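Here the sequence shown stands for residues 7 to 161, where the numbers follow the working numbering.
Glycine residues also receive a C-beta, built at the ideal position from the N, C-alpha and C atoms.
What you are looking at is a predicted structure, and each value in this text was computed from that prediction instead of being measured.
For reference, the structure is listed below as structure tokens.
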Amino acid sequence: MPPEPLIRGIEPDGLSEYARGWISALIDGEGCIGVVWHRRTRGKLRKNGTRAPINFLNYSRPSVRISVSNTNLELLKELQRVTGVGTIHEKKSKKHSQSNRKDSWMYQCSHHDQIEHLLLQVPLIAKEPVRELALKLINLKKLYNKGGHNTDPEV
7 MPPEPLIRGI EPDGLSEYAR GWISALIDGE GCIGVVWHRR TRGKLRKNGT
57 RAPINFLNYS RPSVRISVSN TNLELLKELQ RVTGVGTIHE KKSKKHSQSN
107 RKDSWMYQCS HHDQIEHLLL QVPLIAKEPV RELALKLINL KKLYNKGGHN
157 TDPEV
């Protein structure tokens, strides 16, 4: 018989209140909501075969990422199971082989639809301003990808 899960969170209509609180505590206490900038090494290829010059708009693309690092792999596996999204990988430290540090792992979620779904369900305390900015950035990227124009003065 498999061990009892730590958190029973997945319900048909979303995460349970208990699971939302548990995830909120992990992200607020151990996690990071950050913006990663992806850089192009060369300009876009034009129809005539030449490359467009690199400028800020086509050079950098911001992307939102949620990550939680911990030395307890089972905790991160439970986070992945409860949320149903994200990946886990071992963190490699340059000084790890020469130190007495424990092995550590990182849970990451970088798909904007999944991040938006998660952040809309999970209330945060310490990272609430960052959560709001991340949701605004995701909405701006959706708008930009559709070719639309932003009419919301708050964004």
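Cβ neighbour criterion (16 or more within 10 Å) applied to Y150 = Exposed: under 16 other Cβ atoms inside 10 Å.
First and last residue of the alpha helix (DSSP H) that includes T89?
-> Counting along the chain, T89 sits inside the alpha helix (DSSP H) bounded by residues 79–89.
Should G15 be labelled buried (16 or more other beta-carbon atoms within 10 Å of its own) or exposed?
-> Note that G15 scores a pLDDT of 47, beneath 50, so its modelled location is shaky and nothing firm can be said.
Segment contact, 8 Å Cβ cut-off, at least three pairs: the stretch 92–99 with the stretch 18–30 | Cβ pair count under 8 Å is below three, so no.
Could you spell out the range, first to last residue, of the beta strand (DSSP E) harbouring S110?
-> S110 -> beta strand (DSSP E) spans 110–115.
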